[in-house]
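2 protein chains.
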Amino acid sequence: MADSVLDALGDPTRRKILETLRRGGPSSVAGLAERVPVSRPAISQHLKVLGGAGLVSYESQGTRNIYQVDRAGLSDLRTWLDQFWDDALDAFAEHVRRVEGSPAARVGSTGMKERRA
Amino acid sequence: MADSVLDALGDPTRRKILETLRRGGPSSVAGLAERVPVSRPAISQHLKVLGGAGLVSYESQGTRNIYQVDRAGLSDLRTWLDQFWDDALDAFAEHVRRVEGSPAARVGSTGMKERRA
DNA sequence: GAGTTCGGTTAGTGGCAGCTTACGGTTCGT
DNA sequence: ACGAACCGTAAGCTGCCACTAACCGAACTC
């Protein structure tokens, strides 16, 4: 469901554009091109992707298009995240239930390797 | 902060691996290679990225490494998302305040283009 | 100890995504 | 009506990333 959002947020430049819009408020394409170290067409292409994901929307003012952050995409991401979170808990619980025919297996003290290698 | 998480989730295959772990519970590398249409080394490489982002962790059982979803990365993403959401609201409010020296500008009825083009 | 299974790493390749340059369309100003 | 400003799109190139094939080490089995 949130595939397009994650695809869009996967690129650092697009994140920078979004961050610029978040901090500076709505902006024109040329205005973004001044703040993000990339050409104007590149900005335009990225905005297309971000728009497709529902992360930005725009308003035409004469010849310029004013873009701003759209919370719709963020909302989609939040929904996906919450669902994934809950389901991961359920799956883990079921896994424990499945393995724990032998109640010897404990949970808290395994040799589980930690992240941030 | 959540850059590594978003980079990791930016790839469809990695999302598929995560999804497989979420639905099926903990699994070995070879087990994942059977369920995801990609070679075993590719799985291993993706797991490395996912691990670096705190999205999976693993436990060594003899010669096999059992991977499972780690909520740490999801937590990072949630934090980033919530912060972005709130700040976007603030930025928007400030933008309205900045423009609205002329109280003619209305908010609800602009010609704002919608998403999902 | 030999054989097997499992997994991480390396080397090498192909395809795609992001960037720039160039062009065309639209709108505003004079 | 002409020029300028702004933007989107097309074309083309380059670099990176995902993938496979091959190799090597580690651990369990007999």
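As you go down the protein sequences, you meet chains A and B in turn. First residue of the first sequence? That's 1 in the UniProt record's numbering, and the numbers climb one at a time after it. First residue of the second sequence? That's 1 in the UniProt record's numbering, and the numbers climb one at a time after it. All C-beta atoms in this analysis are idealised placements derived from N, C-alpha and C, irrespective of residue type, glycine included. If you're wondering where the values come from, they're calculated on a predicted model, not measured in any experiment.
Cross-chain neighbours of residue i in chain B, by beta carbon under 8 Å
i       : result
GLY10/A : LEU6, ASP7, LEU9, GLY10, ASP11
First and last residue of the uninterrupted alpha helix (DSSP H) at residue i
i       : result
VAL56/A : No alpha helix (DSSP H) holds VAL56/A; the beta strand (DSSP E) holding it covers 56-61.
GLY51/A : 40-52
ALA2/A  : Careful: ALA2/A lies outside any alpha helix (DSSP H) and carries neither H nor E.
Identity of the residues DSSP links to residue i by a beta bridge
i       : result
ILE66/B : SER28/B, GLU59/B
Under 9 Å from the C-beta of residue i: neighbouring residues of chain A
i       : result
LEU81/B : LEU74, LEU77, ARG78, LEU81
Chain B contact residues for residue i, given Cβ-Cβ distances below 9 Å
i       : result
ASP87/A : ARG22, ARG23
ARG64/A : Within 9 Å Cβ-Cβ: nothing; ARG64/A doesn't reach chain B, min ~13 Å.
ARG35/A : None at all; the shortest Cβ gap to chain B is about 14 Å.
Contact under 8 Å by Cβ, residue i with residue j
i             : j       : result
TRP80/B       : ALA8/B  : no
residue 173/A : ARG40/A : The structure shown does not extend to residue 173/A, since chain A is modelled only from 1 to 117, so the question has no answer here.
LEU55/B       : GLY73/B : yes
SER85/A       : ARG71/B : Just to set this straight, residue 85/A is Trp in the shown sequence, not Ser. It is a contact, given that the beta carbons lie within the stated cut-off.
VAL69/A       : LEU18/A : yes
THR13/B       : VAL38/B : yes
GLY10/B       : GLY25/A : no
SER27/A       : LEU21/A : yes
SER60/B       : GLY51/B : no
Under 8 Å by beta carbon: chain A residues contacting residue i
i       : result
ARG15/B : ASP3, LEU6
Cross-chain neighbours of residue i in chain A, by beta carbon under 7 Å
i       : result
ARG40/B : Per Cβ cutoff of 7 Å: no residues; ARG40/B is ~19 Å from chain A at best.
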